[in-house]
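Here is the structure we will look at.
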Ligand SMILES: Nc1ncnc2c1ncn2[C@@H]1O[C@H](COP(=O)(O)OP(=O)(O)OP(=O)(O)O)[C@@H](O)[C@H]1O
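Residue numbers (UniProt numbering): 1 to 264.
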């Protein structure tokens with residue numbers, strides 16, 4: 001069993017509800033993300049929020065990103081700070097990039113927003129571009145890139161801004177198997193780049209999400225309930241399913257997928 005402790009609370013959703021008029025969408029959402037500490041290992045957090053289509057994932061994503069306010073309840077980060085737009089690096093499903101700027105220009109712009117790399121913006125852009133194999137794409141405009149390259153550029157853009165939270169909307173959808181592997185490795189690399197870095201993945205791809213996460217939250221709703229809520233939290237570290245290569249063939253992994261499908 002991997003040795004680890006969950007330390008201070010990095011993000012806390014407290015009784016979050018969201019309604020549109022009389023239509024409740026999210027109801028009493030409660031969960032926390034804590035800092036994982038492993039002796040001798042630099043380790044960030046990778047959390048997945050899973051749920052079936054139409055359950056409210058996008059709405060919760062928008063609340064977490066601070067793009068929308070809950071009808072009641074609160075989402076706080078780093079102690080007691082109410083989350084606001086800009087607090088989290090947000091990687092949207094369609095990888096928004098400035099179409100009129102080259103990738104290099106967009107990445108420099110992101111780097112200039114991060115005081116921690118002031119004076120070293122060029123080196124930082126070049127490093128991430130090399131690490132994620134898009135050096136050749138730097139002089140190109142977004143429309144000249146493949147979907148996978150756009151996605152990597154978009155992730156680097158958020159990384160350069162230096163936010164401790166990165167929020168991903170369906171990062172695995174529409175990718176072929178080879179690119180999917182690259183993206184998974186990239187996310188894992190990002191998650192260990194800083195102990196306090198937290199990746200939150202909102203997805204309906206159960207298998208890939210479970211394969212790279214340490215914790216899974218399942219959003220669900222029973223008939224008659226006023227909105228979707230967190231039905232289950234699965235600690236994948238406790239089950240010895242986190243940070244493992246070739247986990248997908250293990251029985252415990254397959255059983256966990258079945259358990260999640262039954263909860264959705
Ligand atoms: N502006 C709005 N007004 C009223 N209802 C809305 C509004 N936006 C979203 N909804 C409702 O909120 C619910 C959840 O939608 P949401 O897009 O979050 O689902 P989802 O889990 O992301 O689905 P998918 O996986 O299919 O994208 C749906 O019933 C949707 O109709």
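Here a beta-carbon is modelled for each residue, glycine too, at the ideal position from N, C-alpha and C.
A check of alpha carbon separations from residue 3 across 138, 243 and 182 identifies 243 as the nearest.
Separation of the CB atoms of residue 46 and residue 187 is rounded to 7 Å, and the pair is thereby assigned contact status at 8 Å. Residue environment for residue 142: buried (at least 16 other C-beta atoms within 10 angstroms of its C-beta). Ligand 1 approaches residue 59 closely enough that one of its heavy atoms is under 6 Å from the residue's Cβ.
For residue 191, the enclosing alpha helix (DSSP H) stretches over residues 177 to 191. Taking a cut-off of 8 Å for Cβ pairs, the segment 153 to 165 and the segment 110 to 129 touch, as three or more such pairs fall below it. In the three-state scheme derived from DSSP, where H, G and I count as helix and E and B as strand, residue 244 is classed as coil.
If you look at residue 34, you'll find it in the beta strand (DSSP E) that goes 23 to 37. Proximity of the beta carbon of residue 220 to ligand 1 is not indicated: no heavy atom of the ligand is located closer than 6 Å. Inter-segment contact for the segment 99 to 113 and the segment 70 to 84 is absent: fewer than three beta-carbon pairs are separated by less than 8 Å. For residue 81, the secondary structure class from DSSP, reduced to helix, strand or coil, is strand.
Look at residue 61 here: in three-state DSSP terms it is helix. Residue side-chain check: residue 25 places its Cβ nearer than 6 Å to a non-hydrogen atom of ligand 1. Residue 91 is classed as buried because its beta carbon has at least 16 other beta carbons within 10 Å across all chains shown. An exposed status is given to residue 42, since fewer than 16 other beta-carbon atoms sit within 10 Å of its beta-carbon. Between residue 182 and the set 16, 195, 222 and 212, the nearest pair of CA atoms involves 212. Residue 53 has its CB nearer than 6 Å to a heavy atom of ligand 1. When rounded, the separation of the alpha-carbon atoms in residue 261 and residue 231 is 12 Å.
DSSP links residue 9 through a beta bridge to 34.
In the same chain as residue 85, and ignoring 5 residues on each side of it, the C-beta atoms closer than 6 Å to its own belong to 66 and 67, in chain order.
Secondary structure at residue 106: helix, using DSSP grouped into helix, strand and coil. Residue 170 carries a coil assignment under DSSP once its states are collapsed to helix, strand and coil. Taking 6 Å as the cut-off, the C-beta of residue 227 does not count as close to any heavy atom of ligand 1. The three-state reading of DSSP puts residue 45 in strand, counting E and B together.
Taking the Cα of residue 214 as reference, the smallest distance to any Cα among 237, 226 and 117 is reached at 237.
Non-local beta-carbon contacts of residue 226 in its own chain, meaning distances under 8 Å to residues more than five positions away in sequence, involve 24 and 27 in chain order.
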